[in-house]
Amino acid sequence: MTSHRLISNAQTGASAARPAPVATSGLVHWARQNLFDGIHNTIFTLLCCALLIATVPDLFRWAIWDAAWTSANGADACKATTGACWAIVQEKYRLMLFGTYPYEQHWRGALVVLILGVMSIVSGFRVFWTKWLLVAWCVAWVAIFVLQLGGVFGLVPTPTHLWGGLPLTLLIFFSTVIGGLPVAILLALGRQSNLPIIKALCIGFVEMVRGVPLVTVLFMAALIFPLFVPEAMTPDKFVRALIGMLMFFAAYAADIFRGGLQAIPRGQYEAAEALGLPYWQKTTRIILPQTLRIVLPALMNDIIRAFKNTTFIAIIGLFDILGATKSALEDPTWVSYGTEAYLFVIALYFVVCFSMSKYSASLERDLNKGNTR
1 MTSHRLISNA
11 QTGASAARPA
21 PVATSGLVHW
31 ARQNLFDGIH
41 NTIFTLLCCA
51 LLIATVPDLF
61 RWAIWDAAWT
71 SANGADACKA
81 TTGACWAIVQ
91 EKYRLMLFGT
101 YPYEQHWRGA
111 LVVLILGVMS
121 IVSGFRVFWT
131 KWLLVAWCVA
141 WVAIFVLQLG
151 GVFGLVPTPT
161 HLWGGLPLTL
171 LIFFSTVIGG
181 LPVAILLALG
191 RQSNLPIIKA
201 LCIGFVEMVR
211 GVPLVTVLFM
221 AALIFPLFVP
231 EAMTPDKFVR
241 ALIGMLMFFA
251 AYAADIFRGG
261 LQAIPRGQYE
271 AAEALGLPYW
281 QKTTRIILPQ
291 TLRIVLPALM
301 NDIIRAFKNT
311 TFIAIIGLFD
321 ILGATKSALE
331 DPTWVSYGTE
341 AYLFVIALYF
351 VVCFSMSKYS
361 ASLERDLNKG
371 NTR
């Protein structure tokens with residue numbers, strides 16, 4: 001009788017309703033883990049929500065609802081509204097994007113931007129990482145400089161002092177990175193060389209360039225360097241700016257590569273030497289591939305900084321997209337709407353830098369799949 005009662009109670013307990021398990025996915029779980037995890041996070045979340053409620057509606061009215069979008073009536077459309085004057089972008093976008101480049105030849109600058117954009121996207125897919133990609137880049141660079149310089153195929157000659165805007169920004173950036181990476185790798189290898197002279201020269205170059213601001217490097221390249229060479233041998237201002245940018249980028253990237261080289265276990269070097277591989281074969285096939293994977297996050301950070309550093313070329317008289325925007329605002333009719341013009345430039349910089357950052361994160365995940373735990 002007692003055993004029968006115990007069995008009945010056990011069956012009743014087993015059939016009793018149990019509380020639902022706590023959700024481990026979904027929006028509610030994410031909010032609980034990230035926004036309301038503890039009293040301090042909850043208070044901070046509520047304060048942020050209050051700040052957004054207080055600012056977002058006014059920002060929306062200024063930027064979207066009450067904004068003037070068209071320049072059909074000139075600056076009068078902006079004077080009649082209390083919102084943003086995006087009409088300045090419609091009115092001045094060609095000057096902002098192409099700077100002092102001849103107005104009738106803006107299509108050439110647009111084609112340069114298109115070529116660089118397409119080549120960047122194609123280069124982002126690992127399936128295209130073959131020798132043909134290098135050939136394609138060489139052809140692209142020839143086409144780009146033919147378009148920019150002109151003088152052939154019926155194109156109007158356009159000297160470099162007329163270059164400006166977004167094409168100039170992208171040309172400086174891509175040339176800096178493409179030319180600076182090999183120099184940085186050689187400098188990093190030179191700092192680990194057993195030859196005292198090579199090691200001293202590499203260390204001296206890196207420390208000297210890293211010890212001064214980029215403004216100083218560009219100032220030396222643009223104004224001081226011509227004083228020490230004959231006038232006939234003085235490089236073009238664009239070339240001098242490019243050399244200064246390249247030197248600065250290479251010096252910082254060299255230390256990034258040096259850190260990656262030092263992170264390679266000594267056993268990798270010894271294994272390559274045990275196989276009888278010569279120095280350059282050991283370096284290019286065993287050491288550098290591992291180094292590039294290690295330094296990728298820091299290197300991409302330096303590449304993004306190189307893109308933003310292109311704004312410094314304005315100090316030597318080259319009008320990048322930021323300098324061209326400043327020049328566009330010299331028009332008295334539109335000078336009061338500089339905020340909107342600079343916000344447009346900020347958006348362009350953000351899109352490019354954010355795209356590089358996301359691609360870097362994706363590439364880092366792909367390269368580290370075999371090392372995740």
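At the far end of the sequence shown sits residue 373, using this note's numbering, and the numbering has no gaps. Here a beta-carbon is modelled for each residue, glycine too, at the ideal position from N, C-alpha and C.
CB of residue i within 9 Å of CB of residue j, strictly
i, j, result
"GLY244", "LEU214", "yes"
"PRO157", "GLY164", "no"
"VAL345", "THR325", "yes"
"LEU46", "VAL113", "no"
"ILE256", "ALA272", "no"
"ARG293", "LEU367", "yes"
"TRP62", "GLY38", "no"
"VAL146", "PHE153", "yes"
"LEU162", "THR100", "yes"
"ALA136", "VAL122", "yes"
"GLN148", "ARG94", "no"
Cβ-based burial, residue i [other Cβ within 10 Å; buried from 16]
i, result
"TRP129", "exposed"
"ALA75", "buried"
"ALA184", "buried"
"PHE60", "exposed"
"LEU227", "exposed"
"GLU270", "exposed"
"LEU6", "For LEU6, the pLDDT reaches just 49, beneath the cut-off of 50, and the residue's location in the model is therefore unreliable, although a value from the coordinates is still provided. Exposed: under 16 other Cβ atoms inside 10 Å."
"GLU330", "exposed"
"ILE144", "buried"
Run of the alpha helix (DSSP H) containing residue i, from where it starts to where it stops
i, result
"PHE44", "39 to 60"
"PHE344", "338 to 367"
"PRO289", "288 to 309"
"PHE98", "87 to 98"
"HIS29", "27 to 34"
"HIS106", "106 to 123"
"ILE224", "Looking at the DSSP string, ILE224 is not in any alpha helix (DSSP H), and its letter there is neither H nor E."
"THR176", "165 to 191"
"PRO157", "Looking at the DSSP string, PRO157 is not in any alpha helix (DSSP H), and its letter there is neither H nor E."
"THR325", "321 to 328"
"TYR279", "279 to 282"
"PRO196", "196 to 210"
"ASP255", "237 to 263"
"GLY267", "266 to 274"
"ALA140", "131 to 149"
Identity of the residue in the options nearest residue i by Cα
i, options, result
"GLU364", "PHE60, THR81, GLY124, LEU147", "GLY124"
"LEU186", "LEU171, ILE172, MET247", "MET247"
"TRP334", "CYS78, LEU59, THR45", "CYS78"
"SER357", "ASP331, ASN301, LEU348", "ASN301"
"GLY259", "LEU299, PHE153, TRP137", "LEU299"
"LEU116", "MET208, SER175, CYS49, SER362", "SER175"
"GLY323", "LYS308, SER336, PRO332", "LYS308"
"PRO265", "TYR279, ALA136, TRP280, GLN290", "GLN290"
"MET96", "ILE198, ALA341, ILE197, GLY204", "ALA341"
"PRO182", "TYR359, LEU111, THR284", "THR284"
Contacts around residue i, its chain only, beta-carbon distance under 7 Å, and the 5 residues preceding and following it disregarded
i, result
"THR105", "In the sequence on display, residue 105 carries Gln and not Thr. The residues are VAL156, THR158."
"ILE316", "LEU218, ALA222, LYS237, ALA241"
"MET1", "Here the model assigns MET1 a pLDDT of 49, short of 50, so the residue's position is not dependable and the matter cannot be decided."
"VAL209", "VAL217, MET247, PHE248, ALA251"
"PHE225", "ARG240"
"ALA374", "Outside the shown range of the chain, which is 1 to 373, sits residue 374, and nothing can be said about it."
"SER193", "LYS199"
Sequence-distant residues of its chain with Cβ nearer than 6 Å to residue i (five each side left out)
i, result
"THR310", "THR169, ILE172, PHE173, ASP320"
"SER71", "ALA87, GLN90, GLU91"
"ALA361", "none"
"CYS353", "ILE304"
Same chain only: Cβ atoms within 8 Å of residue i, ignoring 5 sequence neighbours per side
i, result
"VAL206", "LEU187, ARG191, ALA251, ALA254, ASP255"
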